[in-house]
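The block underneath contains the structure these notes are about, expressed in structure tokens.
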Amino acid sequence: MNAESDERSEAAARAPESAAGGAVRVERELGSRAPAFIKASKPLHMSWQVGVFIVGLAVVAAGVVMLPLPGPGWLVIFGGMAIWATEFVWAQLVLRWTRRKVTEAAQKALDPKVRRRNIILTTVGLVIIAVLVAVYVWKFGIAMPWKITE
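Residue numbers (my numbering): 779 to 928.
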């Protein structure tokens, strides 16, 4: 548990100007977001942190289980990280880093050169698959699993 999370009072960091509108986004202050009456008592705050950690761990574990199974695994994992980020500085920093990387990837994917390249690669891949299916059907034919008598 991060005992320093309630003592940390850094000034809100400013993000660099965004490419969309040039607006500066103010990030939230790092540290615990527990109610004031919980922060006032050290044992109560520690038990609050343990509870948040256990709930976040359960959500993250459910997300890890959902990765190979049907379900929104990554979404649930990030939900558990968001639960942890309400109390722990390290989780807040991980979520900020993740948000920054996702934003960079989205901006990169919207670049016209990258979009053109992705469209060309997808088209080439689909043409190759169509040719392979056509060669297979020409060579072996289509065998239907049922009998049609007309």
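Just so it is clear, CB atoms sit at the ideal spot from N, CA and C, and this is done for glycine as well. Nothing here was measured: the structure is a model prediction, and the numbers come from that model.
Cβ neighbours of residue 836 within its own chain (closer than 8 Å, five residues either side excluded): 858.
The C-alpha of residue 862 lies about 18 Å from the C-alpha of residue 843. Counting of Cβ neighbours within 10 angstroms places residue 885 among the exposed residues, the total staying below 16.
DSSP places residue 821 within a helical segment (H, G or I) once states are collapsed to three.
Between residue 854 and residue 841, the C-beta gap is smaller than 8 Å, which places the two residues in contact. Contact annotation: residue 808 and residue 867 have beta-carbon atoms nearer than 8 Å.
The Cβ atoms of residue 865 and residue 818 lie no closer than 8 Å to each other.
Counting along the chain, residue 910 sits inside the alpha helix (DSSP H) bounded by residues 890-918. Counting the other CB atoms within 10 Å of its CB gives residue 869 a total of 16 or more, which places it among the buried residues.
When only Cα atoms are considered, residue 924 and residue 918 end up about 17 Å apart. Secondary structure at residue 925: coil, using DSSP grouped into helix, strand and coil.
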